[in-house]
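Novice:
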Amino acid sequence: MELPDSPPPLDAPSPPHFLDAPQDRWNVFYPAVQTLVNALGGYEEVESPPDSGIFETVYRPGDSVLGVLKDLKKLWRKDDEDDERTVARCMHRAELMKELVAIVVECAERGEWGRKVALVACDLIAALTWPIDVAQELKEIEDEGPVVTDYASLLRAQLEYKALFLKTTKPLKSILSLMVPCLAKPRKDEKDSRIISLGLHVVRNLLAIKDAVAEGTATGEKEEFAHLQSDLITQLDSLTYLQLFLSLASCADKTDLNPFNVIVLDILHLIFRGIKPTELVQDQKRIPIDSLAKLLEKEKKQKALNSRVGSTRHSRFGTTITVKTAEQRVVLHRQTAIIENPGKILDMTKKKKAVAAKRMDDLTVHVNLSSDAMVILQSFSKSFLEICYNTFIESILRDIRMERTKIRPSDNIRVFYLSSFFIEYLLLLRHKLLEKGGSRRLEELPLGLVAQIAEMDSVKWLFARLRICWDDKPKAWTELQACIECFTQILLLIDDMSASTNEEEVEVAEILQHQLYYNYDILDSALAVVREYKNQSIGYLDSIIHFAYVLLRMLEKYSKTKAFMFIRKRKNTHKKRKEQQAASQANAEGEQRKIPEEYGNEEEEAFAPDEDAPSYAEHAFTFQSFEKRFAQEAVVNTLLTYLERFLEFDGPEPMKRVVGLMHRQVIKAHAEGLYFKVSTLIIFRRILDKQHVLPAAPSSRDLITLITYILRKFFKHVEKEPFTLVEALSSKSRGKWKTVGGGSDDDDDGMAGQRGRIKEKMGPVELQFIKKYKFSWSQQMSIAFAIIWGDGHGHLIKWIIEILEQVLAAKQEIVLTTDGGINGDEDEHDEDGNVRVRRFGRPSDEAISKFTQFDLQPEESEQIKAVTSNSHFRLMLRLLSFDLPPPPMELDFEEDISSEELALARKKSDSAWFLPANVLPSDIEASIGALKQYMEEPPTLDDDPKKLLRRKTRAPRRRRRSPSVESYDSETGEARPSRQHKKNPRQKRAKKAVETQNYKSAAFIEDSDDEDPEATRRFFENEERLRREMDELAAQGGHPMMERGVKRKRGKENGNDNPNDVDVPVPRPVDSLQAMVSVGGIRVGPGQSPGRW
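The end of the sequence shown is residue 2452 by the working numbering, with every number in the run present.
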């Protein structure tokens, strides 16, 4: 395609300034460009070899070729301020590219002069093939008024340049010969780096030129221009360019090759742009057969859509059918009206509303490469994963974090795209190996090959970019789509790690998931991107649906393995409130002190906390509550927009994702009311009418089942509430769908069903009276009685009265048989005739010793529930002198038990109430009297009795310690009382003064040679006597120390061994030789202060 002699005239009048009009610029520059191109050189016939009679055409550069190339570069710079690119059009018309390619091939190996000429020619080639971002340029000149720029001709010119470059392999081979000497140098100067960069940029520019779109029947030039990318990849592989890219990527962390990592990133992105990993992983020999099968299936589906009723021999004749209704009559002139629904035929005659066509994909455009090129890329992709992916990505991310000048904003998109591509490709390869040879072959491709992008620092940077793109005005949709796709593949990688047989990979996946889900912003982003979809591209829509489906599925799986989950959530603060607080604070400070700004403390302001910075708090998380947040009308609209394209789905996977998200809304969140809309019902009707063309997959059957369920719910609700038909015409936002159907929160406990499990884990709530009121026992009992009686649990009080009466009768019987009566009026004598002291109203010690502990054993379910979980009834039991055993510890069991068994034992101990044996009958009788009195006349309280109570703080459970030697008297061997007395402030001050005096008086340490021998002798004799006394006590059983140095537990006396008793080691008395401490050659004896050492 040739360019016209002159560009089309502009509608606007030409500017008066010289060379401002496009026509004037063309007339001036084209003759100059043509003259310079003719001066570059020419072709001539040369006999090769000499006297052979065989002639070949050889290009001969002119004598001043170097100067001419420099003049052409000067002319090229004239286009810097020209939107029409007049000089570029002139160079294309003069066929400059043909001359430049010939110069590079001819002069590249002609010594130093030839290399210099070839490099200047390569510079012009790079300029002519530099990618043109049409969208960006149109955006820049949008404010300059009406501009007529023919970008199609410029893109066509670059396509011809690419075809000219690929006619033979000599141009690429010559460029490689220019770069190899520079690459071979161990130390590269600036000139070498520029030469390498120039050669890589030429290859990058050729890869960036997109192929022409041609039909399947295209021939000639159209067919050639449609497969240039495949030819270029084939030549790059044959000339070892791909191996060069692998070497540069694997050495990207080296100082001399690090400057080229960004251009290599661009090259790799252009190589894999538009290629689906699912196509790359397939067997390329079967690609033509699979493509043919898809075409046949598509044709069959289209035929089924066009005519569900086959043609008959009467189809050529007309048919007239009259449809009568209650009020009108409709005439249909279609033969299909005989068997089809008349309403459907009437809908076909309606004028359809025009719908704006949506873009397919802003991130990439699908390309079709030849089978040879795909085989080459298969080998290259696998080598890149095994050799250099982690090293290369690490160097790129390091440069991005350091904000180097070579990093461009578009490089973020390339990193996301390549990472997403290679993670998906690795997972597909592993699944393919798993199908062939089992799990043993998975070691050939470990998941660690792409571990760099899954590092937590990389994931944080990825999410930070996602938030930046989301917060931009306008949003950066292309980079946002790349972020979402990369995030989705990272989640799939973690999911594959969690299912691995390698324990290390499972542990890493556990840590990564915990850190990901702990940040609630990541979870909230999945909801935001789905909710805020408007009219973006179809590729973006597919990305957000896939992202939400994977995140919810993995989060649900992870939450099922955890009893509790916590998240770090940003606090909901209002900007207006912050401004008011800041204004009030500023006014207060201004009134207190009016200090000029120049005297302010800038350092304090710099280190002051940022008031605008977001604050975070930790919250309990349940998956059910998070899942219910997806029950929104905006999310439903996004899902229905995606579902409308059900005929365009490529396979069953897209259908599976959208049906899975709809199932969570309708079934799990009970939000079927969101789908009670007329527009939604129309979509469902279309799907049901065309269900015969859906793919034969489980997802298709699940969709039909789900639609049938929603329609059944809708019509049932219409029967109960006919007004639902009116509600179907309005939106379901702001919780209106809950009144239409589903979404009942009656059974919701506020924590998505986990409140009961948390209560069971924490145990029953213990209450206590607020201390400031200082209630007496009778007042406390009246408050507890009022609460229980007011809750309708009077039967529990009657039950506990019966229990107390039984215990009282048993104890009174013991007193009668032992003491002869409860209140003895006469003195009693013992067996020796001694007079015993009378105990008025109190049993004797002998009777008390016969009392036994009474265990409370509830029989009915309400009684069991009361003693277990009713906090007010448990408080009454404590007022009635009932008690609970201490919670069992691990040391209480002879054998090791699991944490589940220990938790079960503690749960049983929380309900094992008992009445201690030392409770006197008089106390029980008083309790019974008080309860019976309250039942006859229930107490009335002025205040709410529940406000007089508060939750009792649980004491931390500690392990039982063995008694130390210091708890026994050194003289008698008896245990000292362990009761601790509070010291008043005066005692504390006195003690501190004594300690200070002792500390100051111990400024020196006396030498052990100056000590008193008599004092030392007395000390050792005392230690020996103490040891003998303790051994005698242990032998007599009167001391809690056994011979093997352990504590004698209760239950082992008199030879009664309890299997639940254990022996706790106790330290023995300190040896007398250990009482002497050597410090730096100076011995400190017993009773001497060590001083300041």
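Just so you know, even glycine gets a beta-carbon here, dropped at the ideal spot from N, CA and C.
Where does G1558 land, buried or exposed, given buried means 16+ other C-beta within 10 angstroms?
Specialist: Buried.
Novice: How is the alpha helix (DSSP H) around Y1600 delimited, first residue to last?
Specialist: Per DSSP, Y1600 belongs to the alpha helix (DSSP H) from 1600 to 1609.
Novice: Kindly indicate which residue of F2035, V1909, L2084, D1854 has the alpha-carbon position closest to the one of K2015.
Specialist: Selected option, being the one with the closest Cα: V1909.
Novice: Can you have a look at A1608 and say buried or exposed, based on whether 16 or more other CB atoms are within 10 angstroms of its CB?
Specialist: Per the 10 Å Cβ criterion, buried.
Novice: Among all the DSSP beta bridges, which residues are the ones paired with Y1418?
Specialist: Y1418 pairs with Y1402.
Novice: Could you give the residue range of the beta strand (DSSP E) that holds L2308?
Specialist: Start and end: 2308 to 2310.
Novice: Apply the 10 Å Cβ neighbour rule to A2021 and answer buried if 16 or more other Cβ atoms are within range, or exposed otherwise.
Specialist: Going by the sequence as given, residue 2021 is Met instead of Ala. The residue in question, M2021, is buried, as its Cβ has 16 or more Cβ neighbours within 10 Å.
Novice: With burial defined as no fewer than 16 other Cβ atoms inside 10 Å of the residue's Cβ, what is the status of L1882: buried or exposed?
Specialist: That one is buried.
Novice: Could you tell me the distance, in whole angstroms, from the CA atom of N1861 to the CA atom of E2012?
Specialist: Between N1861 and E2012, the C-alpha separation is close to 28 Å.
Novice: Could you round the C-beta distance between L1513 and R1563 to whole angstroms and report it? I think they count as a contact, below 8 Å.
Specialist: About 18 Å separates the two Cβ atoms, so there is no contact after all.
Novice: With 16 other CB atoms within 10 Å as the buried threshold, where does G1401 fall?
Specialist: G1401 is exposed by the Cβ-count criterion.
Novice: In its own chain, which residues sit with a C-beta less than 8 Å from the C-beta of D2242, not counting the 5 before and 5 after it?
Specialist: Closer than 8 Å at Cβ, skipping near neighbours: W2272, F2273, L2274, P2275.
Novice: Is it true that the region 2209 to 2217 meets the region 2124 to 2142, where meeting means three or more beta-carbon pairs spaced less than 8 Å apart?
Specialist: The region 2209 to 2217, when compared against the region 2124 to 2142, does not touch it at the 8 Å Cβ threshold.
Novice: What first and last residue would you give for the alpha helix (DSSP H) that runs through H1560?
Specialist: From DSSP, the alpha helix (DSSP H) with H1560 extends over 1549 to 1567.
Novice: Should the region 1439 to 1458 be called in touch with the region 1484 to 1493, which here means at least 3 C-beta pairs below 8 Å?
Specialist: Enough Cβ pairs lie closer than 8 Å, so yes.
Novice: Give the straight-line distance between the Cα atoms of M1339 and L1850, rounded to the nearest whole angstrom.
Specialist: The structure shown does not extend to residue 1339, since the chain spans only 1360 to 2452, so no value can be given for it.
Novice: Decide if L1459 is buried, meaning its Cβ has at least 16 other Cβ atoms within 10 Å, or exposed.
Specialist: It is buried - the Cβ of L1459 has at least 16 other Cβ atoms within 10 Å.
Novice: Determine the DSSP secondary structure at E1864, reduced to helix, strand or coil.
Specialist: Here E1864 sits in helix by DSSP.
Novice: By DSSP, does V1539 sit in helix, in strand, or in coil?
Specialist: Here V1539 sits in helix by DSSP.
Novice: Determine the DSSP secondary structure at D1430, reduced to helix, strand or coil.
Specialist: Helix, per DSSP.
Novice: For K2027, which residues in the same chain have their Cβ closer than 7 Å to its Cβ, ignoring the five residues on either side in sequence?
Specialist: Only E1986 meet the Cβ criterion.
Novice: Examine the Cβ distances between the region 1990 to 2010 and the region 1889 to 1908 and report whether three or more of them are shorter than 8 Å.
Specialist: Yes: the two stretches touch, three or more of their Cβ pairs being nearer than 8 Å.
Novice: Can you list the beta strand (DSSP E) stretches of 3 or more residues lying completely in the region 2228 to 2310, in chain order?
Specialist: Entirely contained in the region 2228 to 2310, the beta strand (DSSP E) runs reaching 3 residues are, in chain order, 2308 to 2310.
Novice: Going by beta carbon distance, what residues of the same chain come within less than 7 Å of M1538, once the five residues before and after it are set aside?
Specialist: Closer than 7 Å at the Cβ level, and outside the excluded window around M1538, lie I1554, I1555, G1558.
Novice: What did DSSP end up calling Y2001 once you bin it into helix, strand or coil?
Specialist: Correct three-state label for Y2001: helix.
Novice: So, with DSSP's three-state summary, where would you put F2213?
Specialist: Strand.
Novice: With a Cβ-Cβ cutoff of 7 Å, do H2076 and T2067 count as a contact?
Specialist: No, the pair does not count as a contact, with Cβ atoms beyond the cut-off.
Novice: State the beta-bridge partners of M1450 as determined by DSSP.
Specialist: Bridge partners of M1450: none, in fact.
Novice: Among the residues of its own chain, which have a CB less than 8 Å from the CB of L1808, if the five just before and after it don't count?
Specialist: Result list for L1808: L1744, E1745, Y1748, N1749, L1785, in chain order.
Novice: Assign Q1687 to one of three DSSP states: helix, strand, or coil.
Specialist: Reduced to three states, the DSSP call for Q1687 is coil.
Novice: Answer yes if the region 1727 to 1744 comes into contact with the region 1760 to 1776, meaning at least three C-beta pairs across the two stretches below 8 Å, and no otherwise.
Specialist: They do not touch, by the three-pair rule.
Novice: State the Cα-Cα distance for the pair V1446 and L1428, rounded to the nearest angstrom.
Specialist: Approximately 14 Å, taken between the alpha carbons.
Novice: Could you spell out where the beta strand (DSSP E) holding I1926 opens and where it closes?
Specialist: From DSSP, the beta strand (DSSP E) with I1926 extends over 1924 to 1929.
Novice: Considering Y1748, what are the terminal residues of the alpha helix (DSSP H) in which it resides?
Specialist: 1748 to 1760 is the extent of the alpha helix (DSSP H) around Y1748.
Novice: Measuring alpha carbon to alpha carbon, tell me which of I2156, R2060, P1390 ends up nearest I2287.
Specialist: Considering only alpha carbons, the answer is I2156.
Novice: When you compare only the Cα positions, how much space is there between E1891 and M1456?
Specialist: Roughly 48 Å between the two C-alpha positions.
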